[in-house]
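Numbering (this note's numbering), first residue to last: 1379 to 1596.
Glycine included, each C-beta is placed from N, C-alpha and C at the ideal position.
Please read these numbers as outputs of a predicted model, since none were measured by experiment.
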């Protein structure tokens, strides 16, 4: 189950359909943190295959966490043959300057991935040209009314965040972070900034789980 769902997620995020949908998200929600929109997009794409009988697992958003009832899980995949078989995913959307360019991000992953015992942690990092974004904001938002947040303050002037993230993910034992997806989204508007979305994946080592089960049986 774990490999099947993980591979399906990677397949969808690598697809032309997702890139097209992400382009629409960029066009329609330029002033928002887009975590919910991207999460829902992924859910809809995977469930489309479930509803046509092509995939045996259905995705749900914001279900209660079994061990932490006050917490919600971003995505929970449930086997149609047995609702006790579940796969949980936590997803975070950040900007490239967040948490001191991810120098201070470990506690977030520890909480959402390790403490909650999630099967998969997806980190999405948005980055863009500050000059292009400034032109967009000046065209649409009257500064004196502060109609929209100044998102440029969350964008790093340095590139060290690109090294900090994989270095951080590599510190989590018995987990894999071998996949990486980077998408550049350019909307055909005169004053719409080009967006870069980097997707990082940290997942539990399912081979380690198999070894532990075999060890327990012996």
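- One alpha carbon belongs to residue 1483, the other to residue 1477, and they sit about 6 Å apart.
- Shown here, residue 1448 sits in coil according to DSSP, grouped into three states, outside any helix or strand.
- Taking 4 residues as the minimum length, the alpha helix (DSSP H) runs contained wholly in the segment 1402 to 1473 are 1413 to 1429, in order along the chain.
- Contact annotation: residue 1444 and residue 1464 have beta-carbon atoms nearer than 9 Å.
- In this structure the segment 1555 to 1564 does not lie against the segment 1528 to 1540, because fewer than three pairs of beta carbons, one per stretch, are closer than 8 Å.
- Here the alpha carbons of residue 1420 and residue 1508 stand approximately 28 Å from one another.
- Its chain contains 1504, 1505, 1506, 1560, 1561, 1562, 1563 as the residues whose beta carbon lies nearer than 8 Å to that of residue 1574, once the 5 sequence neighbours on both sides are disregarded; these appear in chain order.
- The bridge partners DSSP lists for residue 1562 are 1574.
- Residue 1389 and residue 1581 have their C-alpha atoms spaced approximately 16 Å apart.
- Sequence-distant Cβ neighbours of residue 1441 in its own chain, meaning closer than 8 Å and more than five residues away, are 1450, 1451, 1454.
- Distance between residue 1554 and residue 1516, taken at the CA atoms: about 43 Å.
- It is roughly 43 Å from the alpha-carbon of residue 1565 to the alpha-carbon of residue 1460.
- Of 1487, 1387, 1385, 1480, the smallest CA-CA separation from residue 1536 is found for 1480.
- The criterion of a C-beta distance shorter than 9 Å is satisfied by residue 1468 and residue 1494.
- DSSP places residue 1499 in the uninterrupted beta strand (DSSP E) bounded by 1498 to 1506.
- Pairing residue 1471 with residue 1502 gives a Cβ-Cβ distance under 9 Å.
- Counted as a single uninterrupted DSSP element, the alpha helix (DSSP H) harbouring residue 1486 occupies residues 1484 to 1487.
- Our two residues, residue 1397 and residue 1391, have alpha carbons roughly 8 Å apart in a direct line.
- Sequence-distant partners of residue 1405 (beyond 5 residues in either direction) whose C-beta falls short of 6 Å from its own C-beta, in its chain, are 1565.
- Its Cα nearest to that of residue 1386, the residue 1423 stands out among 1525, 1423, 1570.
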